[in-house]
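Novice: Take a look at this one; I'll ask things after.
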Amino acid sequence: MKIEHIAIWVHDLEGMKDFYQTYFNCKSNDKYYNIEKKFESYFLTFESGARLEIMRKDGINKTNNGNQFGWAHIAISLGSQEKVNQMTNKFKNNGYTLVDGPRVTGDGYYESVIKDPEGNLIELTV
């Protein structure tokens, strides 16, 4: 058994697709569009095979303003502390918000946490 994909609602579908392709080397499928439901999406595939579906639909516009019940973040393993440091610096230098780290957490992970362009938390870890 495995998780097939994770999905997230976004405001700027094209911008978020570009973000994940640029920083995480994701490959995208062709855009899916359902004219009746006014729904559109992309599946973004990471090199490991994991997939993230980014979705947009008219009427979906609530923003996560902090801690809430439900999914909290996505964690992306970069393979080494050096890569975590490099990616963290790359995000900071490109104007993205660094929430925390890089640091060793209480449970032994080496990580930093950044916000994507729409404020979703991404944990960069080894």
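Residue numbers (the numbering used here): 1343 to 1468. Where a beta carbon is used, it is the ideal one built from N, C-alpha and C, also for glycine.
1) From which residue to which residue does the alpha helix (DSSP H) around N1431 run?
2) Under 8 Å Cβ to Cβ from N1462, same chain only, skipping five residues before and after it: list those, please.
3) Under 8 Å, with one C-beta from each stretch per pair, do the region 1424-1433 and the region 1381-1389 reach the 3-pair mark?
4) Rounded to the nearest angstrom, what separates N1371 and D1458 at their Cα positions?
5) Pull up the distance between the alpha-carbon of G1437 and that of Y1374, whole angstroms please.
6) Within 7 Å of any Cβ in chain D, is that where the Cβ of L1463 sits?
7) Closer than 8 Å is the cut-off here; do at least three beta carbon pairs connect the region 1345-1364 with the region 1391-1402?
Specialist: Working from what's here:
1) As a working mapping, residue 1431 is identified with position 89 in the sequence shown. Residues Q1423 to N1435.
2) In the sequence shown, counting from the first residue as 1, residue 1462 sits at position 120. So the list reads I1350, N1406, H1415 and I1416, once near-sequence residues are dropped.
3) no
4) What you label residue 1371 is simply residue 29 of the sequence shown in a count that begins at 1. What you label residue 1458 is simply residue 116 of the sequence shown in a count that begins at 1. Cα to Cα, N1371 sits roughly 21 Å from D1458.
5) One-based indexing of the sequence shown puts residue 1437 at position 95. One-based indexing of the sequence shown puts residue 1374 at position 32. So the two alpha carbons sit approximately 30 Å from each other.
6) The structure shown contains no chain D; it holds only a single protein chain.
7) yes
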